[in-house]
Structure formats: C-alpha cells, structure tokens
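Single-structure report; data block below.
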Ligand SMILES: NC(=O)c1ccc[n+]([C@@H]2O[C@H](COP(=O)([O-])OP(=O)(O)OC[C@H]3O[C@@H](n4cnc5c(N)ncnc54)[C@H](OP(=O)(O)O)[C@@H]3O)[C@@H](O)[C@H]2O)c1
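Residue numbers (my numbering): 20 to 404.
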C-alpha cells in the first residue's frame, strides 16, 4: 500500500475506455488521483468531466471553440503537442493511453521514454510504432501493461514466465456481429449493422474493426510485440460469449486461461494496480450459469482483414503502420457511407500491395509510411465502391 494516491494522466478521457477508467479510479480514491484529462474536440464533455474530477489540467487536442465558455476554471491546454507533454508530466506515475488510432503514437513513446507505467489501450500506436515503442520501453525503464482484455489475460497467465516456456498463445475473438452471416449477405452490411456489437460496448472505430476482424489482426501483432512470441505460435479462436479472454499454452502441456465478464473495467483495474489485485464489484464467473463456453475457428475467407493484418505483421518494417493507416481511412469512409463493408479490405489490400515494406529506424520513417498509406487509401477508396 502506497502513502499517496498514484497520479493518473488519462488520454482520451471522453471515450469509451476513458469513461470506464474514470469509474475505476472513482472507486479507489485512496490509490489513484486523476492529474490530467484529454479529449480531441468534445470540449463540453471534457469540461463536465473536469468539474467532476478536478484534475491539475486538461488538454483539448484539436480546436479551440470560440463560443465555448468552460465552467471548469482550472488550466486548459490546447493542441496535439500537449498530449505527449502530458504523458511525460512529472505528476503522473501512470499514463492511460485511451486515444484512438495512430494519433496515440507520440504519447505512447513519451510515456515510456519518461519511465511511466503505461496502461495501453491504444493498440494502434504499438502496432504502427513496433520496434520504436519496444525501444522506448527498454530505454525508459517504465512499464507497459496492456488494457486490451486479451493481452491483459495473457499478461496475467504468464505472470512473468519467459517466452521459452510458452508453446502457444491463443487469443479469443467474440466474432463480432457478422460471425455467422452467410457470405452472400455481406454486401448488404450498413454502418449501423457493424456498430451493433453483440458483447462489447466500445467506440465506433474499434467496433467496426471488431466486425471486420481487423481488430483481431491488430491484436495478433500486439501480442507478438508485447510477449515476444513468434507469429506461428499465436492462434486465434472465436469465442462468442467473451468470457475466456485468452489462453497461454506452456511447454509442459498446461494451458492457463483468464476468465471474467466482458467488462473493460476489469483489465483497466489490473493495468492500474498490477500485480496487486484490488477489490471490484463485478460478479465473478459462474461455471454453471455462464456455460457452455463455445469455441469456433475464424472464417478467414469471409473476413480478409484478418489475414491481411497478420501478413502485414509478419512482413514487418513499415507494413503494420501501412495496414493500420489504410484501415483507419477505410473505416472512416465506411462510417461516412462512402465505402461498402467489403470495400474496407479492398482498399487495405490495394495499399499494402502498392507499398513495399521499408525498415523502421525512426519515428519519421513510421510517420512517412502512415502519411503515404493514408493518401493512397483515400485515392483507392474513391475508386472502390
Ligand atoms: N472501447 C473498448 O472497449 C476497447 C477495448 C480494447 C481496446 N480499445 C482500444 O482503446 C482505444 C480507445 O478506444 P475507445 O473505444 O475508447 O475510443 P473512443 O470511444 O472513440 O474514444 C477515443 C478518445 O480519444 C480521443 N481522440 C480521438 N481521436 C483523437 C485524436 N486524433 N487526437 C486526440 N484525441 C483523440 C477522443 O476525443 P473526443 O471525445 O473529443 O473525440 C476520445 O476521448 C482504441 O485504440 C481501441 O482500439 C478499446
């Protein structure tokens, strides 16, 4: 037990993970104190959260609404550069990166370079930054604890055992809303269908990624980077109830799984407090009431975003960043009714084919690949229906 509550900088406070984090922190005021909150554009929501939480400061990354007169009279900072500065701030022992997309990369690097504990929800930053993020983790001496439920599960199952003892990681996937949809029905999928996730309530981008299984490909890359396990020893299995969050199979024949109800508050609490386990108010898994625990294979042909992503991870270099950038653009176009559901994979495949993998030596290399992939994806999306 520490004397003072640990300072928490919460990047992406107005989002789904951000609000879950605030609920978790509110239950443990003796352990955690919010130092900073950030949002992209939703100034009113940020103002409301700040009045409730009383942080040291808030950051609005994009825009400075002229009409807006905040009720919270504390310090307001503006501009996306302030995000990475907040992630390195001296008062924060813990940085929760709940930003969405590539926009979170500089903050991930900054938190790790400053030796903070990074509770990482923003998987896109790890996928795109790859070795750069791992180097920042090694050299900064901080901690990286995943928030994604699958990686939190693996972290908990491994309890520090070395990679040599692991024969396989098995990530579970809910399968999303189209898990059993016949292939000939995919052409009729609308954004509102894709946003209706059966088990998890999340932000729009990750909800669409869950429907295409791009999210699972990003998670395979994330698992490879976080745990150092080769791609051919990482499997994915569909598990619709989302109770078993992942398995670790050890070389002695034992398989250890982590289970829990599908609420992100459980892995968030773990990421804030690990290895300590703090009390939580959730009902735990009941093997009779919550069974049976079904598993199915991934339908890779119907969900090409899965294979494309894993192949990009295997190719390495800038390819994961290219996959991520093209996906971000295609998902936006789909949500804006400018691209079909099937068009997402068509755009991403075209961009990956057009761009050869390049080595990553610096942040500039990743940023250049991200920028080029976005431009190509926008162009391709205009031609693909
Ligand atoms: N939601 C889940 O259950 C879940 C589970 C596992 C992993 N994750 C991962 O966690 C991350 C966050 O997901 P989410 O579902 O919480 O997303 P979300 O609900 O869309 O929230 C995103 C947050 O980031 C801010 N933001 C968005 N774009 C930004 C930008 N360019 N610059 C600065 N701030 C920006 C948003 O601010 P505004 O409100 O102002 O737009 C909001 O606070 C994603 O990487 C996702 O893959 C989420």
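Don't be surprised by glycine CBs; every beta carbon is placed ideally from N, CA and C. None of these values were measured; they are calculated from a predicted model.
In angstroms with no decimal places, state the Cα-to-Cα distance between residue 156 and residue 208.
Taking the straight line from one Cα to the other gives about 40 angstroms.
Which residue marks the beginning of the alpha helix (DSSP H) containing residue 63, and which one marks its end?
Run containing residue 63: 62-72, per the alpha helix (DSSP H) assignment.
Could you tell me the alpha carbon to alpha carbon distance between residue 238 and residue 359, rounded to whole angstroms?
Distance between the alpha carbons of residue 238 and residue 359: 24 angstroms.
Any non-hydrogen atom of ligand 1 closer than 6 angstroms to residue 36 Cβ
Indeed, a heavy atom of ligand 1 lies less than 6 angstroms from the Cβ.
Would you mind giving the Cβ-Cβ distance between residue 81 and residue 99, rounded to the nearest angstrom? I have them listed as a contact below 8 angstroms.
Residue 81 to residue 99, Cβ: 7 angstroms. Contact.
My guess is that residue 168 and residue 283 are in contact by the Cβ rule of under 8 angstroms, so how many angstroms apart are they, rounded?
The beta-carbon distance between residue 168 and residue 283, rounded to whole angstroms, is 7 angstroms. This is short enough to meet the 8 angstroms contact definition.
By DSSP, does residue 216 sit in helix, in strand, or in coil?
Here residue 216 sits in coil by DSSP.
I need the straight-line Cα distance from residue 357 to residue 399, nearest angstrom please.
Taking C-alpha positions only, residue 357 is separated from residue 399 by approximately 12 angstroms.
Considering Cα atoms alone, identify which of 89, 60, 28, 46 is closest to residue 74.
Nearest in C-alpha terms to residue 74, of all of 89, 60, 28, 46, is 28.
Go through the stretch 233-307 residue by residue and report every complete run of the alpha helix (DSSP H) that reaches 4 residues or more, in order.
The stretch 233-307 contains these whole alpha helix (DSSP H) runs: 233-246, 284-292.
For residue 52, write down the residues that DSSP places opposite it in a beta bridge.
Paired residues: 26.
Quick one: Cα of residue 77 to Cα of residue 120, how far?
For the pair residue 77 and residue 120, the Cα-to-Cα distance works out to about 20 angstroms.
Run through DSSP, which three-state label would residue 179 get?
It is coil, neither helix nor strand.
Sequence-distant residues of the same chain with beta carbon closer than 6 angstroms to residue 334, five excluded per side
Hits under 6 angstroms: 376.
For residue 20, which of helix, strand or coil comes out of DSSP?
With a pLDDT of only 49 at residue 20, under 50, the local geometry of the prediction cannot be trusted, and no value is derived from it.
With distances taken Cα to Cα, identify the nearest neighbour of residue 35 among 225, 165, 135.
Relative to residue 35, the option among 225, 165, 135 whose CA is nearest is 225.
Heavy atom of ligand 1 less than 6 angstroms from the Cβ of residue 104, yes or no?
Relative to the non-hydrogen atoms of ligand 1, the Cβ of residue 104 never comes closer than 6 angstroms to any of them.
Less than 7 angstroms between the beta carbons of residue 114 and residue 103, yes or no?
Taking 7 angstroms as the cut-off, the Cβ atoms of residue 114 and residue 103 do not count as close.
Cβ-heavy atom distance between residue 142 and ligand 1 below 6 angstroms?
Result yes, Cβ under 6 angstroms from ligand 1.
Mind checking if residue 392 is an interface residue toward chain B, Cβ cutoff 7 angstroms exclusive?
This model lacks chain B altogether, as it is built from one protein chain only.
Have a look at 300, 275, 370, 25 and flag the residue whose alpha-carbon is nearest the alpha-carbon of residue 51.
Per the Cα distances, 25.
Could you tell me whether the stretch 129-147 touches the stretch 248-267, where touching means 3 or more Cβ pairs closer than 8 angstroms?
The stretch 129-147 vs the stretch 248-267: no contact.
DSSP-derived helix/strand/coil call for residue 199
Residue state, collapsed to three classes: coil.
Would you tell me roughly how many angstroms separate the C-alpha atoms of residue 190 and residue 172, rounded to the nearest one?
Residue 172 has its alpha-carbon roughly 9 angstroms from the corresponding atom of residue 190.
For a test of your reading of the model: does the CB of residue 71 fall under 6 angstroms from any non-hydrogen atom of ligand 1? Yes or no.
False, no ligand heavy atom lies under 6 angstroms from that Cβ.
Contact check, residue 301 vs residue 285 under 8 angstroms by CB: the rounded distance?
The pair is a contact, with the Cβ atoms about 7 angstroms apart (cut-off 8 angstroms).
Is residue 204 buried or exposed, if buried means 16 or more other CB atoms sit within 10 Å of its CB?
If you draw a 10 Å sphere on the C-beta of residue 204, you find fewer than 16 other C-beta atoms in it, and that means exposed.
Grab the span of the alpha helix (DSSP H) containing residue 136 for me, first residue to last.
That residue, residue 136, is in no alpha helix (DSSP H); its beta strand (DSSP E) goes 136-139.
If you draw a straight line from the alpha carbon of residue 20 to that of residue 33, how long is it in whole angstroms?
Bear in mind that the predicted position of residue 20 carries a pLDDT of just 49, short of 50, making it too unreliable to give a figure here.
By the three-class DSSP mapping on this structure, what secondary structure does residue 368 have?
Residue state, collapsed to three classes: helix.
Look up residue 190 in the DSSP assignment and give the residues it is bridged to.
Answer is 255, 265.
When you measure from the CB of residue 118 to every non-hydrogen atom of ligand 1, does any distance come out below 6 angstroms?
In terms of side-chain proximity, the C-beta atom of residue 118 is found nearer than 6 angstroms to a non-hydrogen atom of ligand 1.
Inter-residue Cα distance where the pair is residue 109 and residue 30
Residue 109 and residue 30 have their C-alpha atoms some 15 angstroms from each other.
May I have the straight-line CA-CA distance separating residue 370 from residue 90, to the nearest angstrom?
CA-to-CA, the gap between residue 370 and residue 90 works out to about 45 angstroms.
Report back the beta-carbon spacing between residue 182 and residue 247 to the nearest angstrom; my notes put them in contact at under 8 angstroms.
Going by Cβ atoms, the distance from residue 182 to residue 247 rounds to 5 angstroms, so yes, they are a contact pair.
Endpoints, alpha helix (DSSP H) assigned at residue 119:
In the DSSP annotation of this structure, residue 119 is not part of any alpha helix (DSSP H), being labelled neither H nor E.
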